[in-house]
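Numbering (the working numbering), first residue to last: 1 to 444.
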């Protein structure tokens, strides 16, 4: 056997051993990282007991959160017709309701079997445990959805960063995302808090897809538009996926120069389909409620959100009012995510120093599509939250997730991804420490 052949066999054997080290069959190392994070967060204190938010203990060790909005939803799942014929806070989210209705009733049998085997306790002792026991199948349905969302977002983070799914760096990235405060608050809660995470990462994904417009089929435009329309009826913030897609489209046209050899008429027709299918489900549901059920559709506008800017523009000192509000908003964002922002900046500088030391050619972040998409997503989430006028920290923590992905993507470009693994593991430890000894702050 030749020396070259022996070397190839040795390299192949070494690569096979490395793959076996970081995956067990079809279970990859990042899967285990997410499971570990969720298992730790499941036993954390959750919220302080303040009436609307309460800690519920399931089977003596699993803690999840009770939100005073949840009975309004679960009671209507016991009597579905009331969801459509009455006005309530969940009226604008029929897709979210329908999912819980279908999966909840599908879980009725298994839940009836396990219910006598577990105990449910509420910390305030005002009868909420009895309510949850009655509708436990619906709670489990939403817990399954929330856990699936965390896995999906972690997979998207790996793909956007450019890592191999079987690498230790992928596990470090997913661990730091899965240990975020918004994951702790939203995963074990019958509410749409967790939806802020797929909104943020989804905006990045849509921006990347928009830049690839030349490769998308008409069916893709239809599917992407319809997904947005239905997602808005789960959580209104999914609307930012539309401008994210068009930012990617602009990047593809002006930076990637992908408009060559493409029919402008065909592109415009696909865009019309995309926008139309993004709007049709929302318009249909709104008009259905108005003209058939004779009830309003709950949207954030009904609570006075998104109204502050038009009102400010009517004032003589409108510019001062906008700047004052922006200053207050950015300060709140900083207070919420200062550890994450400082860690991200530290990592960026460390990667730059490492790359310069290794005499590597530095690549501009703005010349890379994923980094551009991450920047657009951060700006999109900030803009939506600022215009909404409701500065919930759960949206800010999604910016932290985007920052982590951006750090890893920059490290991949500079071939320094392994260097940030200790930093991500350290930040995860801080997240877990905060979750175990303090209460989450991102609850609704």
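Backbone N, C-alpha and C fix where the C-beta goes; we use that ideal spot for every residue, glycine too.
Of the listed residues the options, nearest to residue i (C-alpha basis)
| i | options | result |
| --- | --- | --- |
| residue 95 | 108, 80 and 109 | 80 |
| residue 397 | 241, 198 and 144 | 198 |
| residue 169 | 440, 266, 415 and 429 | 415 |
| residue 393 | 173, 60, 101 and 180 | 180 |
| residue 203 | 388, 375 and 423 | 375 |
| residue 220 | 235, 428, 45 and 271 | 271 |
| residue 122 | 64, 97 and 174 | 64 |
| residue 100 | 70, 208, 89 and 201 | 70 |
| residue 137 | 124, 309, 386 and 74 | 74 |
| residue 260 | 236, 284, 213 and 223 | 213 |
| residue 103 | 88, 178, 370 and 135 | 135 |
| residue 163 | 59, 281 and 410 | 410 |
| residue 309 | 31, 357, 385 and 339 | 385 |
| residue 427 | 42, 45 and 177 | 177 |
| residue 41 | 48, 61, 50 and 51 | 61 |
| residue 32 | 175, 307 and 291 | 175 |
| residue 381 | 148, 106, 252 and 195 | 195 |
| residue 378 | 248, 76, 403 and 161 | 403 |
| residue 366 | 313, 254, 338 and 357 | 254 |
| residue 438 | 184, 351, 419 and 72 | 184 |
| residue 334 | 322, 395 and 387 | 395 |
| residue 263 | 337, 241 and 218 | 218 |
| residue 38 | 349, 182, 279 and 320 | 182 |
Per DSSP, cross-strand counterpart(s) of residue i
| i | result |
| --- | --- |
| residue 82 | Residue 82 pairs with nothing; no bridge assigned. |
| residue 67 | 53 |
| residue 62 | 58 |
| residue 122 | 56 |
| residue 41 | According to DSSP, which records beta bridges pairwise, residue 41 is partnered with nothing at all. |
| residue 189 | 65 |
Rounded straight-line distance, which links the Cα of residue j to that of residue i
| i | j | result |
| --- | --- | --- |
| residue 216 | residue 274 | 12 angstroms |
| residue 15 | residue 166 | In this prediction, residue 15 has a pLDDT of 49, which is less than 50 and means its spatial position is unreliable; what the coordinates show is noted afterwards. Residue 15 and residue 166: Cα-Cα distance of roughly 12 angstroms. |
| residue 21 | residue 139 | For residue 21, the predicted model reports a pLDDT of 43, less than 50, meaning its position is unreliable and no value from the coordinates is stated. |
| residue 206 | residue 82 | 35 angstroms |
| residue 19 | residue 29 | Caution applies to residue 19, whose pLDDT of 45 falls short of 50 and renders its modelled position unreliable; the value that the coordinates give is listed next. Distance between the alpha carbons of residue 19 and residue 29 is about 10 angstroms. |
| residue 238 | residue 244 | 10 angstroms |
| residue 53 | residue 68 | 7 angstroms |
| residue 23 | residue 188 | Low confidence applies here, because residue 23 scores a pLDDT of 48, under 50, leaving its location unreliable; read the following figure in that light. Near 27 angstroms, if we compare the C-alpha coordinates of residue 188 and residue 23. |
| residue 133 | residue 57 | 12 angstroms |
| residue 227 | residue 353 | 42 angstroms |
| residue 86 | residue 293 | 8 angstroms |
| residue 406 | residue 246 | 20 angstroms |
| residue 457 | residue 288 | Nothing can be reported for residue 457: it is not among the residues displayed for the chain, which extend from 1 to 444. |
| residue 250 | residue 266 | 16 angstroms |
| residue 17 | residue 27 | With a pLDDT of 43 at residue 17, under the threshold of 50, the modelled position of this residue cannot be trusted; read the value that follows with caution. Taking the straight line joining both Cα atoms gives about 16 angstroms. |
| residue 129 | residue 108 | 18 angstroms |
| residue 268 | residue 223 | 16 angstroms |
| residue 441 | residue 277 | 36 angstroms |
| residue 51 | residue 190 | 16 angstroms |
| residue 281 | residue 291 | 15 angstroms |
| residue 401 | residue 316 | 39 angstroms |
| residue 144 | residue 332 | 32 angstroms |
| residue 429 | residue 231 | 33 angstroms |
| residue 88 | residue 356 | 58 angstroms |
| residue 419 | residue 43 | 31 angstroms |
| residue 240 | residue 412 | 27 angstroms |
| residue 322 | residue 336 | 21 angstroms |
| residue 124 | residue 172 | 38 angstroms |
| residue 111 | residue 160 | 37 angstroms |
heavy atom of the ligand NAD below 7 angstroms from residue i C-beta
| i | result |
| --- | --- |
| residue 355 | As presented, the structure is devoid of all ligands, the ligand NAD included, so that no description of it is given. |
Range covered by the beta strand (DSSP E) that runs through residue i
| i | result |
| --- | --- |
| residue 441 | Neither: residue 441 is in no beta strand (DSSP E) and is coded neither H nor E. |
| residue 322 | No beta strand (DSSP E) contains residue 322, which is instead part of the alpha helix (DSSP H) from 318-357. |
The alpha helix (DSSP H) enclosing residue i, as first and last residue numbers
| i | result |
| --- | --- |
| residue 90 | Element bounds for residue 90: n/a, residue is neither H nor E. |
| residue 176 | 168-178 |
| residue 195 | Segment: none, residue 195 is in no alpha helix (DSSP H) and carries neither H nor E. |
| residue 134 | 128-134 |
| residue 110 | 108-114 |
| residue 376 | 369-388 |
| residue 216 | No alpha helix (DSSP H) contains residue 216, which DSSP labels as neither H nor E. |
| residue 252 | 241-254 |
| residue 162 | From DSSP, residue 162 is part of no alpha helix (DSSP H); its letter is neither H nor E. |
| residue 310 | 308-313 |
| residue 433 | 421-437 |
| residue 265 | 264-291 |
Given 8 angstroms as the limit, is there contact between the stretch 147-157 and the stretch 108-125, that is, 3 or more CB pairs closer than that?
no
Touching or not, the stretch 416-431 and the stretch 339-347, by the rule of three or more beta carbon pairs under 8 angstroms?
yes
Within the chosen definition, does the stretch 367-382 reach the stretch 425-434 through at least 3 CB pairs nearer than 8 angstroms?
no
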